[in-house]
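Visitor: Chain order of the listed sequences is A and B. For the first sequence, this note's numbering gives the first residue as 517, with consecutive numbering after it. For the second sequence, this note's numbering gives the first residue as 135, with consecutive numbering after it. Dumping the structure here so I can ask a few things about it.
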Amino acid sequence: MSTPQGGGGSRRPSVVSTGKKPAASKATPGTKATKAPVKTTGGKGQRKRIAPVKVSQGRAWGPIAVLAAVLLVALAIIGYASWYIYQGSITWDERANGIPGIVNFRKTQPNVLERNHQPGSLTYPMSPPVGGNHNQIWQNCMGDVYTAQIANEHAVHSLEHGAVWITYRPDLPADQVEKLASKVRGQEMMLMSPYPGLDAPISLQAWGYQLKVDNASDGRIDEFIKALRVNASLEEGAVCSGGITVTGTTPRDLQTGG
Amino acid sequence: MGESRRRLTLVAVAALAVGVLLGFGVGWLVPRLTAPGDDSAEAGFARDMSSHHAQAVEMALLAYRNGENPGVRQLGYDIATVQQAQIGVMQTWLRDWGLSPTGSRPRMAWMPDGQQSLENGLMPGMATPQQLEQLRNAKGRDFDVLFCQLMLRHHLGGIHMVDGVLSETSDGEVQGLAEGMKAGQTKEVKILQDLLTDLNAKPL
């Protein structure tokens with residue numbers, strides 16, 4: 517909104533400056549008429565000049581108006597373009613970082629966001645985890661609403677694929693749980709599960725990002741999902757199907773010899 | 135004389151510069167201004183069809199792995215690869231249009247009758263979590279039948295959504311992919327019906 521106003525402000529000087537050109541050119545026909553070197557002007561010249569000066573004054577306003585109109589359009593385009601560029605240039609991480617209360621571990625603790633496959637139980641420096649080493653198998657995140665706790669080690673792998681993981685404290689009222697579930701069900705790249713011991717009623721995770729809120733009606737939940745779902749993926753094009761769908765906090769390792 | 139010529143040159147250069155700038159600005163802006171917006175049918179379709187396709191891929195890969203009938207396995211391979219590639223195309227559109235993969239409006243809101251077609255929040259033809267769980271656990275002929283039944287419904291729902299976007303958009307790229315989807319899925323509907331007949335089973 518402020519950018520077009522700025523464009524309007526700078527509009528005035530440009531019109532004035534175009535006005536100067538025809539004004540300055542008043543002298544030009546005169547010098548032509550005298551057929552004399554540029555700087556010499558005599559009495560004869562003045563007499564002959566009278567008619568051309570009037571004509572050129574009359575002529576001048578046409579081009580000025582046209583030029584002014586063109587410049588006006590140009591400035592309007594530039595103003596709109598600036599606004600549009602600004603809108604389009606906001607990247608997903610800028611959007612995410614603009615959400616009040618969001619924690620960006622990619623910035624604060626990038627060293628904890630390793631991403632190797634590791635079997636067995638793993639410990640994470642934040643709760644719930646937002647990244648780090650993880651199990652080879654990811655938790656299915658095709659809009660799966662798990663009603664029991666799931667293993668961090670599988671869920672972190674889902675985050676790596678670009679999923680948003682909604683966790684809630686088991687004492688969250690049922691209507692709020694349902695409200696959260698409605699954002700997840702049928703939406704791939706989303707999963708949800710209860711998380712005992714959570715230090716907030718609700719916590720949202722994407723790879724490297726976390727947001728804790730008190731209520732399922734908090735508008736920042738949708739902002740978080742819009743900014744980070746899919747976008748936070750470290751493996752572009754990775755999917756959420758083909759993962760494990762079992763619950764329980766003990767990770768399941770692949771049973772192959774590899 | 136020299137001065138007037140210089141002035142003329144200056145005006146010509148200025149006019150040229152303004153013209154070039156204007157042309158450049160317009161050329162740069164037009165594709166951006168005409169790109170579908172966040173609430174457009176095109177963006178809604180790209181997002182919702184990506185989700186719809188993602189579930190088809192999930193079911194099709196189960197068919198490729200667990201199908202008993204070779205026709206079911208072959209069809210599963212075909213559906214999974216085609217639809218995953220189409221997801222990539224639709225996600226690229228969204229990026230090119232400067233839009234997030236996630237919209238601000240409810241699912242199917244881009245279609246005129248879209249939100250009435252939701253069943254328990256699921257888009258037309260989508261399998262429920264219970265049906266998916268059933269499919270994951272099914273084996274042999276039971277798997278083949280359930281897969282064909284679920285994928286048949288899924289395709290019919292998908293074709294409904296394709297018709298929705300075709301009636302809303304004039305974007306050539308979107309029309310092209312949508313028409314391709316319709317042709318492909320219509321053909322596969324026939325294959326699924328034939329498979330069900332072979333399996334001595336009926337659609338859901």
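Even glycine gets a Cβ: it sits at the ideal position worked out from N, Cα and C.
(1) Taking just the CA atoms, how far does residue 733/A sit from residue 259/B?
(2) Would you be able to state if there are at least three C-beta pairs under 8 Å between the segment 725-745 of chain A and the segment 615-630 of chain A?
(3) Is the Cβ of residue 517/A closer than 8 Å to any Cβ of chain B?
(4) Which of the three DSSP states is assigned to residue 644/A in this structure?
(5) Output needed in chain order: residues of the segment 184-215 of chain B with a Cβ under 7 Å from some Cβ in chain D.
(6) Using the beta-carbon count (16 or more within 10 Å), is residue 683/A buried or exposed?
(7) Report the three-state DSSP secondary structure of residue 304/B (helix, strand or coil).
(8) With a CB to CB cut of under 7 Å and the five nearest residues on each side skipped, what residues in its chain are close to residue 622/A?
(9) Find out if the Cβ-Cβ distance for the pair residue 307/B, residue 227/B is shorter than 8 Å.
(10) Counting only C-beta atoms, is residue 643/A closer than 8 Å to chain B at any point?
(11) Does the CB of residue 258/B have a neighbour CB from chain A at under 8 Å?
(12) Show which residues of chain B have a CB atom less than 8 Å away from the CB atom of residue 600/A.
(13) Starting from residue 719/A, trace the beta strand (DSSP E) both ways and give me its first and last residue.
(14) Please give me, in chain order, every unbroken run of the beta strand (DSSP E) with length at least 3 that falls completely inside the segment 652-738 of chain A.
(15) State yes or no: is the beta carbon of residue 255/B nearer than 8 Å to at least one beta carbon in chain A?
(16) According to DSSP, is residue 619/A helix, strand or coil?
(17) Quick check on residue 323/B - is its C-beta less than 8 Å from some C-beta in chain A?
(18) Does the beta carbon of residue 580/A come closer than 8 Å to any beta carbon on chain B?
(19) To be precise: take each residue of the segment 229-245 of chain B, compare its Cβ to all Cβ atoms of chain A, and keep it if any distance is under 8 Å. Which residues remain?
(20) Excluding sequence positions up to five away, which residues of its chain have a Cβ less than 7 Å from the Cβ of residue 338/B?
(21) Whose CA, out of 596/A, 641/A and 654/A, lies closest to the CA of residue 760/A?
(22) Could you check how far apart the C-beta atoms of residue 97/B and residue 241/B are, in whole angstroms? I think they sit under 8 Å.
(23) Ordered along the chain, which non-local residues of its own chain (more than five positions away) have a Cβ less than 8 Å from that of residue 236/B?
Guide: Result, derived from the coordinates:
(1) If you take the alpha carbons of residue 259/B and residue 733/A, they lie about 29 Å apart.
(2) yes
(3) Interpretation of residue 517/A is limited by its pLDDT of 40, a score under 50 that renders its predicted location unreliable; no figure is taken from the coordinates.
(4) coil
(5) Protein chains in the displayed structure are A and B, and chain D is not among them.
(6) buried
(7) coil
(8) Apart from the 5 residues on each side of it in sequence, residue 622/A sits with its Cβ closer than 7 Å to the Cβ of 629 and 724 in its chain, given in chain order.
(9) yes
(10) Cβ-Cβ to chain B under 8 Å: no for residue 643/A.
(11) no
(12) Proximity of chain B to residue 600/A at the Cβ level (cut-off 8 Å) is accounted for by 163, 166 and 167, in chain order.
(13) Per DSSP, residue 719/A belongs to the beta strand (DSSP E) from 718-722.
(14) 658-661, 680-684, 706-710, 718-722 and 725-729
(15) yes
(16) It is a strand residue.
(17) no
(18) no
(19) 232, 234, 235, 236, 237, 238 and 241
(20) 283 and 287
(21) Out of 596/A, 641/A and 654/A, 654/A has the C-alpha closest to the C-alpha of residue 760/A.
(22) Look at the range of chain B in this structure, 135 to 338, and you will see that residue 97/B is not part of it.
(23) 181
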